[in-house]
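Inspection log for the structure reproduced underneath, given as C-alpha cells.
Residue numbers (my numbering): 250 to 323.
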C-alpha cells in the first residue's frame, strides 16, 4: 500500500534499467519476502503456507542461474 511519495519522486525508466542490467558485470539483487515473494495475505511468516508461488520460484531460479547475479531475500 502506497502511503505518500516525495515531490521529487520519479519512476525508474524500464529501458534504462534493462540496459544497465544487460551491461553490468555483477548484479546484487535484494528481494523482500513478505508481500513481494509471498502473497500479502500471509502476514504470519511462521505459517507453513507462506511460500512463494511456482511462478516466483521459476523466476528466482532463472535469476540465480546467471553467474552475474547474487540474490538476497530479506
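Glycine included, C-beta positions come from ideal geometry on N, C-alpha and C.
Residue i in three-state terms, based on DSSP
i: residue 305; result: helix
Residue i classed as buried or exposed, judged by whether at least 16 other C-beta atoms fall within 10 angstroms
i: residue 323; result: exposed
First and last residue of the uninterrupted alpha helix (DSSP H) at residue i
i: residue 271; result: 263 to 272
Residue range of the unbroken beta strand (DSSP E) whose run includes residue i
i: residue 255; result: Taken as a continuous stretch (DSSP letters only), residue 255 belongs to no beta strand (DSSP E), as it is neither H nor E.
i: residue 276; result: 276 to 280
Distance between residue j and residue i (C-alpha atoms, nearest Å)
i: residue 309; j: residue 257; result: 32 Å
i: residue 273; j: residue 280; result: 19 Å
i: residue 313; j: residue 267; result: 17 Å
i: residue 305; j: residue 286; result: 7 Å
i: residue 254; j: residue 260; result: 11 Å
i: residue 275; j: residue 301; result: 25 Å
i: residue 317; j: residue 252; result: 34 Å
i: residue 263; j: residue 303; result: 25 Å
i: residue 320; j: residue 311; result: 11 Å
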